[in-house]
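Working notes, structure below.
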Amino acid sequence: MPVAVIMPALELAQETGKVLRWLKKPGDTVAKGEPVVEIETDKVTVEVEAPAAGVLREITAHEGDVIPVGRAIAQIFAAGEAGAPAVPAPGGSAPVVVSPLKAASAAPSISAAPSVASHVKASPLARKLAEQHGVDIALIKTASGRVEKADVLAYVETQKTGPPPVSTAARLAPASPKARRLAAERGVDLHVVRGSGPGGAVLAGDVPAQRVAPAAGVSNVWRVMAERMTQSWTTAPHFYLVREVNASRLMTWRERAGKQGAARITYTDLLVRLVAAAIRQHPRVNVSWKDGTLARHADVNIGLAVALEDGLVVPVLHRADTLTLADIATRREDLVARAQAGKLRPADIQGGTFTISNLGMYGVDAFNAIVNPPQAAILAVGRIADRVVPVNGRAAVQPMMVLTLSCDHRAVDGARGAQFLGALADLVEEPLALLA
């Protein structure tokens, strides 16, 4: 029996996933656990691994298709097992996809032109339209970096009516013929471009540096992040608890670990360990509110907010309360590296029950974070900075750090939030017994 490759559900609120790129083609032999397709979900781009070893067949979702979670997008047959054609014939049975490009899913593949066009991200329908109109798809620039049907049609219309007009001042500016052509194509006013040629003349190489990206262009990751944060802010009644803690012993322990040649440990690693311990003492912050019910989580799965160029992703350290500090450091380093490279796996972002957002490295003293639904709490961590505080009745300069706990009041009340934050503050100020 074939084994289905399923569009995964990575979060409770996720309903669909978008197929970005197939890493294997029909007929390829794959090993269990080998990445076969790259998909874009609510918050991140991930690689879906083969659930079994065999031959990849019956790919029913094309690049650009948006598929409901739980739907099969391909089948893996055992070696020698008969399989159906890799691509469904027109009119055949195929999964229903939530995609504006559904009509293109049965179209034959287009042979890549012997140019950079084969490396351009584009939907199958966009490639087909470009070929029909004799357009080099590599010339079409989009804000998202992916060419869609509308982009091709707009480009064709532009070619019919001519490039955007260039201002009189730009036409009078000293420039090479190639620079003028590039400026016309890109809508750049040559009058505001600083030229590097003789007498300040604008050369072709000066024009690309002046290109301005369209203000409306955002990635899907950023768009969904905006939607999720808006949902959280408008539906979850937030409240905030703040504690300023003395970080001197935390700093001492980290310095001592470094001298002992231990793995590179960051303050985030220390906080993961301390937060996990505090959650074990006060599990009522390790909950979720969904559909009018309160779900308590047995595992302590701590998410780390990681900033990307096109949004935010929260990879998860699963069962963090069972990990050693060295394990936390190793896993955190691996997760962050793969998040920045766009190589996270579905399991890496599933199942988070509590999130830490650390902006201390940016010089931020304190901030209020928005709860990451369906979780009920998130810890915002500021920088460690010297401040004058009372010590034994006298003023003294101490390294202090501000911790801000944001809570969803539907799931966590003020007393339970305060108890958790108090336990965490005590651990930060006296960490050595726990971390030894």
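Residue numbers (my numbering): 351 to 786. Don't be surprised by glycine CBs; every beta carbon is placed ideally from N, CA and C. Remember, predicted model here, so these are calculated numbers, not experimental data.
Identity of the residue in the options nearest residue i by Cα
{"i": "W572", "options": "L406, V387, A359, L662", "result": "L662"}
{"i": "V416", "options": "V538, R606, E390", "result": "E390"}
{"i": "A576", "options": "V721, L771, A525, F704", "result": "V721"}
{"i": "K693", "options": "V353, G377, K375, E388", "result": "E388"}
{"i": "F704", "options": "R688, V762, L658", "result": "V762"}
{"i": "Y617", "options": "A648, Q581, V650, L654", "result": "L654"}
{"i": "D378", "options": "V637, I356, A429, G732", "result": "A429"}
{"i": "W583", "options": "L406, A381, L782, H759", "result": "H759"}
{"i": "A628", "options": "D671, P548, F589", "result": "D671"}
{"i": "A730", "options": "Q748, P358, N708", "result": "N708"}
{"i": "L594", "options": "K640, L753, R630, E481", "result": "According to the sequence as given, residue 594 is Glu; it is not Leu. Residue L753 is the option with its Cα nearest to E594."}
{"i": "I409", "options": "V355, T366, E431", "result": "V355"}
{"i": "S598", "options": "D776, V497, R407", "result": "D776"}
{"i": "P755", "options": "V741, R688, I728", "result": "Before going further, note that residue 755 is Leu rather than Pro in the sequence given. Ranking the options by Cα distance to L755, first place goes to I728."}
{"i": "M750", "options": "R737, P524, P781", "result": "R737"}
{"i": "H541", "options": "R407, G764, V552, V506", "result": "V552"}
{"i": "F770", "options": "E365, P401, R630", "result": "R630"}
{"i": "F589", "options": "N742, A403, P358, G764", "result": "G764"}
{"i": "T366", "options": "Q690, A773, V419", "result": "V419"}
{"i": "E397", "options": "Q748, R695, G713", "result": "R695"}
{"i": "A697", "options": "H668, A687, Q690", "result": "H668"}
Boundaries (first-last residue) of the beta strand (DSSP E) holding residue i
{"i": "V387", "result": "385-390"}
{"i": "L399", "result": "What sits at residue 399 in the sequence shown is Glu, not Leu. E399 -> beta strand (DSSP E) spans 395-399."}
{"i": "A746", "result": "744-758"}
{"i": "G404", "result": "404-407"}
{"i": "A354", "result": "353-356"}
{"i": "G367", "result": "366-372"}
{"i": "T643", "result": "643-646"}
{"i": "A424", "result": "422-427"}
{"i": "V485", "result": "Looking at the DSSP string, V485 is not in any beta strand (DSSP E), and its letter there is neither H nor E."}
{"i": "K640", "result": "637-640"}
Extent of the continuous alpha helix (DSSP H) run through residue i
{"i": "L624", "result": "617-631"}
{"i": "P418", "result": "Looking at the DSSP string, P418 is not in any alpha helix (DSSP H); the run it does join, the beta strand (DSSP E), is 416-418."}
{"i": "P474", "result": "474-482"}
{"i": "V778", "result": "764-779"}
{"i": "R531", "result": "527-536"}
Rounded separation between residue i and residue j - CA only
{"i": "K499", "j": "L475", "result": "6 angstroms"}
{"i": "S468", "j": "A716", "result": "Confidence at S468 is low in this model, with a pLDDT of 49, below 50, so the placement of that residue should be treated as unreliable; the coordinate-derived value is given next. When rounded, the distance between both Cα atoms is 47 angstroms."}
{"i": "L675", "j": "R744", "result": "35 angstroms"}
{"i": "R371", "j": "T395", "result": "10 angstroms"}
{"i": "K478", "j": "V502", "result": "10 angstroms"}
{"i": "L673", "j": "L624", "result": "11 angstroms"}
{"i": "P458", "j": "G414", "result": "Caution is warranted here: a pLDDT of 33 is assigned to P458, below 50, making its placement in the model unreliable, and the coordinate value is therefore given only provisionally. Their Cα atoms are separated by approximately 15 angstroms."}
{"i": "G701", "j": "A719", "result": "20 angstroms"}
{"i": "V353", "j": "H632", "result": "42 angstroms"}
{"i": "R536", "j": "G550", "result": "20 angstroms"}
{"i": "R614", "j": "R682", "result": "11 angstroms"}
{"i": "A626", "j": "Q425", "result": "40 angstroms"}
{"i": "R421", "j": "L685", "result": "27 angstroms"}
{"i": "E399", "j": "P527", "result": "51 angstroms"}
{"i": "H483", "j": "K374", "result": "30 angstroms"}
{"i": "V386", "j": "R604", "result": "41 angstroms"}
{"i": "L360", "j": "M601", "result": "36 angstroms"}
{"i": "M711", "j": "D619", "result": "14 angstroms"}
{"i": "V344", "j": "T680", "result": "Within the shown structure, residues of the chain are numbered from 351 to 786, placing residue 344 beyond reach of any answer."}
{"i": "P438", "j": "E431", "result": "Only weak support is given to the placement of P438: the predicted model assigns it a pLDDT of 41, under 50, and the value that follows is read from those uncertain coordinates. Near 18 angstroms, if we compare the C-alpha coordinates of E431 and P438."}
{"i": "E659", "j": "A607", "result": "32 angstroms"}
{"i": "V739", "j": "P587", "result": "33 angstroms"}
{"i": "L784", "j": "L621", "result": "12 angstroms"}
{"i": "G545", "j": "T492", "result": "26 angstroms"}
{"i": "N596", "j": "G732", "result": "12 angstroms"}
{"i": "A480", "j": "I487", "result": "6 angstroms"}
{"i": "E507", "j": "A533", "result": "18 angstroms"}
{"i": "S461", "j": "F427", "result": "Low confidence applies to S461: its pLDDT is 34, below 50, so where it sits in the model is not reliable, and the reading given next is rough at best. Taking the straight line joining both Cα atoms gives about 27 angstroms."}
{"i": "P376", "j": "R407", "result": "5 angstroms"}
Cβ separation of residue i and residue j, assumed to be a contact under 8 angstroms, to the nearest whole Å
{"i": "C757", "j": "A735", "result": "Going by Cβ atoms, the distance from C757 to A735 rounds to 25 angstroms, so no, they are not a contact pair."}
{"i": "V557", "j": "G767", "result": "Not quite, the Cβ-Cβ distance comes to about 55 angstroms (not below 8 angstroms), so this is no contact."}
{"i": "N651", "j": "V664", "result": "Contact doesn't hold; Cβ gap of about 11 angstroms is too wide."}
{"i": "A411", "j": "V369", "result": "5 angstroms"}
{"i": "V637", "j": "H647", "result": "7 angstroms"}
{"i": "Q581", "j": "P723", "result": "7 angstroms"}
{"i": "V497", "j": "A472", "result": "4 angstroms"}
CB contact below 8 angstroms: residue i versus chain C
{"i": "I389", "result": "No chain C is part of this structure, which consists of one protein chain only."}
Residue i beta carbon near the ligand ADP (any heavy atom closer than 7 angstroms)
{"i": "A745", "result": "Annotation note on the ligand ADP: not contained in the displayed structure, which lists no ligands."}
Worksheet item: Which whole runs of the alpha helix (DSSP H) in the stretch 582-609 are 4 residues long or more, in chain order?
Response: Entirely contained in the stretch 582-609, the alpha helix (DSSP H) runs reaching 4 residues are, in chain order, 598-609.
Worksheet entry | alpha helix (DSSP H) runs contained entirely in the stretch 651-729, provided each spans 4 or more residues | Here the runs fully enclosed are 675-690.
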